[in-house]
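Structure record follows, encoded as structure tokens.
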Amino acid sequence: MNNLIINAGKDTLNISCDSVTGIIDMRGISYPQDAADFFNPVFDWLENYINNVAADITLNLHIDYLNTSSTKCLFDFIDRLEDYYKQGNTVQVNWYHEAHDDDIKETGLEFQEDLELPFVVLAYSKS
Amino acid sequence: MNDDIDPTMKKVFKHEFLALNNYQLIGKDLNVSEDELRQHYQHLLESYRLLLQNATKITAIGDINQKKLFEAFEELERQKAILYQSSILDYLTQVYNRSHIMQLFDDAFAQTKRYQNIFSCILLDIDDFKAINDTHGHLAGDLVIKETARQISGQIRETDAFGRYGGEEFLIVLPNTNAEEARQVAEKIRITVAETTIGEQNLRVTISLGISDSLIDKPKTQDEMLHKVDLALYKAKETGKNRTVTYTPFD
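Protein chains in written order, with our numbering: chain A, 1 to 127; chain B, 1001 to 1251.
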């Protein structure tokens, strides 16, 4: 199965999905005209991975800005991961925020709330 | 209600719309037993609970992001203001720089022409500045320029504009002021500067000032008017410095 790489646009995230390691990386800002359209290939990749590879998944999120539609799409994505986790698979979500960025940290904590899959909020320092 | 919704949003909420349609169909199905209905109701309740949970989270995140966006916008406005200030001020004296005082001079000239009123300008220069630099060094020279600018700023009126025109030369634009009124301002400045001691070395400087207004000789262009103030300043220097000279056409 193929890897998926989406390069960041002016208003879209940089996304890379690795079929061998099961690592999904999302970084940047997201406020596309059509969020559902943008995230569709990522959902397709995930379904494909779940059905054909069915191994561990790590989702790394380095988000700077999400508009509301993108937030909804990311929720759905994580919900899908949660279902996969509840079926007995290993899933880890890492939400990264710059040490001083309380807004992004809070956003991560909002995502984390009520989720049953492993979801950690991690600070990093800009070097 | 489905038909009124933006198709883009319909895609974002496709699972929720699908669920709604399914439950609507179940509600219309007469063959569904009471037990099955009860079960569907439980599922519906669970989806509703999830939807509400997500809706509150999305709203909270939306608010955080909006705040972040507005803060970034405010910071941008702040930076813009700082940038604008530094683009119009002279770094050493913190009075208007040459390009900005010339802009204000051009504006005053254009307005005077349009509304047929009057304005004056004063061009002034620190006397024997080269000697200060040569004797006391450039740092002392800079201090003299800075302090002189400060003294001038304290003497001009609120509506006057004042900027550094060149090395030790300054230009003052005085709207709605004729040459005689400008002369009173100029003399106040001249006397104040002459009476001020500067720095630990107690340096003293004098200034020479040239004046003209927009009616004397009716200058047609900005350059023409500037040339007249320049001539007046030259005459002040020639006739002994530390004095104010108003341009007269017959010199």
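Note that CB positions come from ideal geometry on N, CA and C, so glycine has one too.
- At a cut-off of 8 Å between C-beta atoms, B/H1015 counts as an interface residue with respect to chain A.
- In this structure, the alpha-carbon of B/K1028 lies about 23 Å from that of B/D1004.
- Partner residues in a beta bridge of A/T68, as assigned by DSSP, do not exist.
- A contact is defined here as three or more CB-CB pairs under 8 Å, and the region 1231-1245 of chain B fails this definition with respect to the region 1138-1146 of chain B.
- Taking the C-beta atoms as reference points, A/S70 is found no nearer than 8 Å to A/S16.
- When only Cα atoms are considered, B/Q1155 and B/V1185 end up about 7 Å apart.
- Assigned with DSSP and collapsed to three states, B/V1193 falls in helix.
- For B/A1019, no chain A residue has a C-beta closer than 8 Å to its own C-beta; the minimum C-beta separation is roughly 13 Å.
- Rounded to whole angstroms, the Cβ separation of A/E98 and A/I104 is 7 Å, and the two are in contact under 8 Å.
- B/N1022 has a beta carbon lying at 8 Å or more from every beta carbon in chain A.
- Under the Cβ distance rule, B/I1005 does not count among the residues neighbouring chain A, no pair being separated by less than 8 Å.
- Within 7 Å of the CB of A/E82, no CB atom of chain B is found; the nearest one sits about 11 Å away.
- The Cβ atoms of B/I1189 and B/I1132 do not sit closer than 8 Å to each other.
- Excluding five sequence positions before and after A/G22, the CB atoms of its chain that fall closer than 8 Å to its own CB belong to Y49, V53, A55, D56, I57, T58, given in chain order.
- Counted as a single uninterrupted DSSP element, the stretch harbouring A/N94 is not any alpha helix (DSSP H) but the beta strand (DSSP E) occupying residues 91-98.
- Contact between the region 1171-1179 of chain B and the region 1078-1090 of chain B is absent: fewer than 3 CB-CB pairs across the two stretches fall below 8 Å.
- For A/A35, the residues of chain B that pass the 7 Å Cβ criterion are V1012, in the order they occur in the chain.
- Inside the region 1199-1239 of chain B, DSSP marks whole alpha helix (DSSP H) runs of 4 or more residues at positions 1222-1238, from first to last along the chain.
- The region 63-78 of chain A makes contact with the region 31-51 of chain A, as at least three CB pairs between them are under 8 Å.
- At the C-beta level, B/D1127 and B/V1245 stay beyond 8 Å of one another.
- Cα atoms of A/N89 and B/I1061: separation of roughly 28 Å, rounded to the nearest angstrom.
- By the rule that beta-carbons nearer than 8 Å mark a contact, B/A1060 touches chain A.
- Residue A/Y65 holds the alpha-carbon nearest to the alpha-carbon of B/E1071 among A/S125, A/Y65, A/C73.
- Taking every protein chain shown into account, the CB of B/K1014 has fewer than 16 other CB atoms within 10 angstroms, so this residue is exposed.
- DSSP, reduced to helix, strand and coil, places B/E1077 within a helical segment of the structure shown.
- In terms of beta-carbon proximity, A/L66 lines the interface with chain B, with at least one pair separated by less than 8 Å.
- DSSP places B/F1105 in the uninterrupted alpha helix (DSSP H) bounded by 1098-1115.
- Contact check for A/L117 against A/V93 passes: the beta carbons are separated by less than 8 Å.
- Within the same chain, N1097, R1164 come within 6 Å of B/D1090 by CB-CB distance, once the 5 residues on both sides are set aside.
- Under the Cβ criterion of 8 Å, A/K86 is not counted among the residues facing chain B.
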